[in-house]
Each structure stands twice: as C-alpha cells, then as structure tokens.
Amino acid sequence: MKEIMAGSKAPTPSLIAAGASSFQDVLRVGGEKNVKERDQNQRRPLGSVNPNIMGATLRSNVVNKRKDLTCDKNSILGHNPSTRLAEHEETKKPITLAKDCTIIDVHEYHEDDDDSDVGVPMCVRHTEAFLDEIDRMDVDEMEDFEDPIVDIDSRDSQNPLAVVEYVDDIYAFYSKSEISSCVYPNYMDNQADINEKMRAILIDWLIEVHYKFELMDETLFLTVNILDRFLEKQSVVRKKLQLVGMTAMLLACKYEEVSVPIVEDFVLISDNAYTRKEVLDMEKLMVNSLQFNLSVPTPYVFMRRFLKAAQSDRKLELLSFFNIELCLVEYDMIKFPPSLLAAAAIYTAQCSLYQFKEWTKTSQWHTNYSEDQLLECSRLMVTLHQKAGKGKLTGVYRKYCTSKFGYAAKIEPAQFLLDD
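Okay, structure coming up:
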C-alpha cells in the first residue's frame, strides 16, 4: 500500500525512462514531419527536375547512375551555377547516331522516275497511299452529302391541314390511280366531225373564261380532264363542241369551287349560243358517260407536291404553271401522264430561270422521275414556250404577261435544252 501511495506521488525511474523515450520519439517524429514539410515547400519545379517531361532537348547521357542522385543542398534547390551551366552545355550537344544509321532524304526521289518505288522507303509509300485513300474518302463523302434529301414536311408537322402522317400514302395512291384518269393518246381518230385543232381552240377559250371568272387552278385542270375523257367515249359534232367545253367547266366548278357560277353565266359567256336546257341535258349526259367519276388526280395535285419538293419561290411557281398550261392546249402532250407533266414543267422552269440543268435528289425522290426521264417532255415545253406569243392561240401567253402572274411568259426559255 505504501509503495502504491508512493508511486502515485513520484514516478519511478523505470517510468521516467519510458517517458523520456516516448518524448524523444515524439520529437523525432515531429522533426521528420517538419523536415518533410520544409522539403516540400523548397522542392524545385517538375520542369527543372526532369526536363525530358517538359519538352527539353534529347541528351546522349540520359542514363544516370544512382550515385549521381546524391548531391548537396544547393544543387537540389537549383542554386549551383556550375551545375546549371553544365546542364545548359549538355543540351547543346548534337545527337550522335550509330554508324549503321543513315538519314534518308525523301526529296531525292521523283515521281517521274519509273523505278522510284524501289528507292522510296516503305513508310513513305504507305503514307502516300494512306493520304490518297483519305482524299478519295473525302470526295466520296462530299458527293454523298452534297445534295441530301430534304424532309419537306418537317415544317408542317404542327399543321393538321398538311396531313403529314398520310401525305406519302396519298401521293402513292395518286401515282397508282393516275393511269385510270388518262385518255388514249389517239382518241381523236374516233371523232368524225372534230379534230385536235378544234380541241386546242376550245381549251384556249376555256382558259380565258377561267381567268375572267377568277376560278381556282384546280378547276381548270379538272375541266380539261373531263373534256378529254368525255370526247374519248362520245362522238360530238363541231356545233356542240363549245357546249361540251362549258358544261365540263360547270361540272368542275361544282366539284372544286366554293362559289359556283350559275348556268346563266355560262350561257351568257357563250353569247347565248345555247339554252339553259341544253346545258343541263349535256350535264346529265357527261356525268353518266363518266359514271360520276370526278375524283381523279390531275397535274395540279402533283404540281403542288413537286413544287414543295423543289423548294420553289413565287417566280418558279408561276413559270411552272405557265409551262403546264401551255401543255393543256396541245393535243400531243396527252401522251404524258399528269405526274410527268408536272415534274417536267418544274424542271423546265428551273432551267429557264437558272439557265442550267437543275434537278435535286429531293425532287427526284418525291417525283420518282430522273432528269433523263424528263428531257423529252421538257424539250417539247421549251418549244411551246418559244412559240407561245405567236399564232392565234395566245390565251395562255396573254394571261401570263400580266403583273398578276409575274410576267412569267416573258422569261427567256431554256434554249440550251434543245441544243443538247
């Protein structure tokens, strides 16, 4: 008990010795920590310790022995001028090559030499071949992306009237059903009292009537379609030909127009050549002959879609309609389907405006016609354009010489298509 009490008052020698040892350890550990922190603060930058990492020049004596790593404090801290001078001199030493190594000058070889590939190193030939392959790839990629197919319906995705979800199916149906709306190209041979010239005079007059009544474009194209399909099935005398034409327009107005001209308007426009009863009787005969089938794809429906694919402006649109209305008058243009007429009219208008051939991949994709398929019809349109203001049938020309239609008839035709 006394020893315990005494131990609590004064430490024993063994405890003192142990405490001293621990105290020295603490001092030693703390001293080493301070030295490490001091060394870290006084360390040289990484670039001066290892110049190779920082992009210094290559030296031949890059191998250092372990004993060279021991240096004094000044050399470690970079304060020894003689050491830095020696390093600077070492950086100026030239690179020494082995005796077996030779430097090859690529410029000594010429592409004109027949045996130039013999002396050119393999790496050089591989590099040239690689660069040539890259150039060819760039050319191919430029050809692929030079004229991409544009999504023409992206801007109308929020427009319910554009029916973007069904528009491709609608025009696919039009392309299949347009053949049923076409007439036999030589149907006029079955007519005994009329000919193609009389047909041209009638349609030229109908175009003027259409313009005076300010009717929709769809009405004109449907009128011509109804007229041709009826003349293909029924023989008509020349005295009734004008009656057939005005009745065809009356039917087209009832199908397309919101405000339909009355029968008396057509009787008046014909200078009272026919009575109201004659018009109504002819109307019954025509709808029965056509079996009331008035829902046919005319060139107009294709024109609207193809002009959108061509990203047309107002000038291109008017010139395209001028070309296709010239075709309505000509009997020889019946042999072309409506979609081909619409595509060729736009292609011809582009050639007339730009004076070079213009048919994009987008237009080809949506029309399903290549440029070569359009050339025959397009050249005929250029011929019609050249003689539009000449002769007696100038209804289309006078219509498109007005400011309302942008003076489209006065644009120079694409003469170079005929020269080709």
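In short: position in the sequence shown from 1, add 1, done, that's the numbering used here.
Where is the CB? At the ideal position from N, CA and C, for every residue including glycine.
None of the values given here were measured: they were computed from a predicted structure.
Rounded to whole angstroms, S340 and I347 show a C-alpha spacing of 11 Å. In the three-state DSSP reduction, A163 falls in the helix class (H, G or I). Runs of alpha helix (DSSP H) with 4 or more residues, each lying fully within the region 168-251, are found at 168-182, 197-214, 218-234, listed in chain order.
Boundaries cannot be given for V297, as no alpha helix (DSSP H) includes it and DSSP labels it neither H nor E.
Apart from sequence neighbours up to five positions away, the residues of its chain that approach V264 with a beta-carbon distance below 6 Å are R277, V280, ordered along the chain. In the three-state reduction of the DSSP assignment, W360 falls in the coil class, being assigned neither a helical nor a strand state. Closest in C-alpha terms to D266, from the list V210, L418, I171, V168, comes V210.
A straight line joining the alpha-carbon of E166 with that of R239 spans about 48 Å. Between A201 and the set T395, F406, K358, F417, the nearest pair of CA atoms involves T395. Here W360 has Y348, E372 as same chain residues with Cβ atoms under 6 Å from its own Cβ, once five neighbours each way along the sequence are excluded. Counting along the chain, the unbroken alpha helix (DSSP H) around R380 starts and ends at 372-387. Judged by DSSP in its simplified three-state form, A311 adopts coil rather than helix or strand.
Fewer than three Cβ pairs drawn from the region 317-325 and the region 281-289 lie within less than 8 Å of each other, which leaves the two stretches out of contact.
Judged by beta-carbon spacing, V151 lies within the 7 Å limit of T363, meaning their Cβ atoms are closer than that value. Apart from the 5 residues on each side of it in sequence, P186 sits with its Cβ closer than 7 Å to the Cβ of I335, K336 in its chain, given in chain order. Rounded to whole angstroms, D420 and S178 show a C-alpha spacing of 35 Å. Rounded to the nearest angstrom, the gap between the Cα atoms of Q243 and Y212 is 17 Å.
The shortest C-alpha to C-alpha distance from S176 to any of T368, Q374, E413, E377 is the one to T368.
Sequence-distant partners of L354 (beyond 5 residues in either direction) whose C-beta falls short of 8 Å from its own C-beta, in its chain, are K316, L317, L320, I412.
Within the model, the alpha-carbon separation for C378 versus Q387 is close to 15 Å. Around the beta carbon of D229, a 10 Å sphere encloses 16 or more other beta carbons of the protein chains shown; the residue is thus reported as buried. Annotation: M283 to S181 spans about 23 Å, alpha carbon to alpha carbon. Excluding the 5 residues flanking it on each side, G407 has same chain C-beta neighbours closer than 7 Å at R315, K316, L319, in chain order.
In terms of Cβ geometry, V397 and E326 form a close pair [threshold 7 Å]. R156 and A163 have their C-alpha atoms roughly 10 Å apart. Taking C-beta atoms under 8 Å as the contact rule, A193 and T224 fail to qualify, at a distance of about 24 Å. In the same chain as A310, and ignoring 5 residues on each side of it, the C-beta atoms closer than 6 Å to its own belong to I153, T363, S364, H367, in chain order.
A direct Cα-Cα distance of roughly 38 Å separates W206 from P161.
With contacts defined as CB atoms closer than 7 Å, L251 and I227 fail to qualify as a contacting pair.
Counting C-beta atoms within 10 angstroms of its own C-beta, T403 has fewer than 16 neighbours from the protein chains shown and is therefore classed as exposed.
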